[in-house]
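Contents: one structure, followed by commentary.
In the numbering used here, the protein residues as written are 122 to 422.
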């Protein structure tokens, strides 16, 4: 019994050490909690900031660059009374760029790679929708050409699988005759007809969304008086421009696409990766005839 007592004590000590280590790892993994002011409701541009517009929310796990771009609770007093430069949406933390003109002018400081570029792209709500937000990712779909065809043609194709003509085929050569022989080297050129559509840039990160600013006069009554008071009211309109983070080669591709065809930019919350095959006039014809009855395609009555 005396021999077991030290072992029991050692086991308990080791269990306590393991418990403390696990607690520390979990604590460090979750990150240090930070209090951030979060907008209670949408705050339009040109609005003087007031503490009543925000509530405190404790968050963990934010990286250094994110914290540097966000107004923390102990820094909020420095921006009280400042007018917002852009919309602060309900539930969003307050970014320095929304109240600090110097931060607005240095959007390049928010690039994930110093070699990347900020690309301003004029867009309409019809191209990107009206709910795009900074931090989303878009695929740039480039469409070139218009339909100019007067008719559609469907060709039923098959492969020759019959026997080789006796004495006319030699393996690996093209014969003097026009007969197809097993092993003959073949080549062909693909000719595509416009229009076409292709994702030329995938997962382009949206750094900022710029919207039309609509100013109008609103009439209200002064407190305790019957006098009418006219105050300017500012609201946000549709999207007019977005700022994308691109490398130099991607910027060249986007410039070419912007000036030579039409663009659409569907969005997603996280990057998806992968490449697309593109969609051509021939693809459309094939898609169209896939839904036609076989008898009609063969000309049967």
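Just so you know, even glycine gets a beta-carbon here, dropped at the ideal spot from N, CA and C.
- Taking residue 284 as reference, the option from 273, 173 and 303 with the minimal CA-CA separation is 303.
- Contact between residue 357 and residue 174 does not hold, since the beta-carbon distance rounds to 16 Å and is not under 8 Å.
- The Cβ atoms of residue 403 and residue 361 lie no closer than 8 Å to each other.
- In this structure, 229 is the residue among 229, 171, 212 and 245 with its C-alpha nearest to the C-alpha of residue 365.
- Inter-residue distance for residue 400 and residue 239 is about 29 Å (C-alpha atoms, whole angstroms).
- Between the alpha carbons of residue 154 and residue 374 lies a distance of about 42 Å.
- In the DSSP secondary-structure assignment, residue 160 is bridged to 175.
- Uninterrupted beta strand (DSSP E) stretches at least 3 residues long and entirely within the region 359-419 occur at 383-385, given in chain order.
- Assignment of residue 137 by DSSP, reduced to helix, strand and coil, places it in the helix class.
- Nearest Cα to residue 233 within the set 211, 370, 328 and 407: 328.
- Per DSSP, the continuous beta strand (DSSP E) segment holding residue 260 begins and ends at 258-265.
- Using a Cβ distance threshold of 8 Å, residue 220 and residue 200 count as a contacting pair.
- Counting only residues of its own chain and dropping the five nearest sequence neighbours on each side, residue 237 has a CB closer than 7 Å to the CB of 366, 367 and 368.
- CA-to-CA, the gap between residue 169 and residue 337 works out to about 17 Å.
- Shown here, residue 270 sits in coil according to DSSP, grouped into three states, outside any helix or strand.
- Between residue 413 and residue 271, the alpha-carbon positions lie close to 19 Å from each other.
- With distances taken between CA atoms, residue 370 lies nearest to 325 out of 381, 382, 330 and 325.
- In the DSSP assignment, residue 239 falls within the unbroken beta strand (DSSP E) covering 238-243.
- Residue 197 and residue 157 have their C-alpha atoms some 9 Å from each other.
- Annotation for residue 246: the continuous alpha helix (DSSP H) segment containing it runs 246-249.
- In the three-state reduction of the DSSP assignment, residue 200 falls in the helix class, which pools H, G and I.
- In the three-state reduction of the DSSP assignment, residue 331 falls in the strand class, which pools E and B.
- Residue 258 sits buried, since 16 or more C-beta atoms from the chains shown fall within 10 Å of its C-beta.
- The shortest CA-to-CA distance from residue 319 to any of 162, 312 and 263 is the one to 263.
- With distances taken between CA atoms, residue 260 lies nearest to 248 out of 163, 248 and 269.
- Residue 191 is bridged by DSSP to 216.
- Closest in alpha carbon position to residue 276, among 406, 213 and 206, is 406.
- Around the CB of residue 245, fewer than 16 other CB atoms lie within 10 Å, so the residue is classed as exposed.
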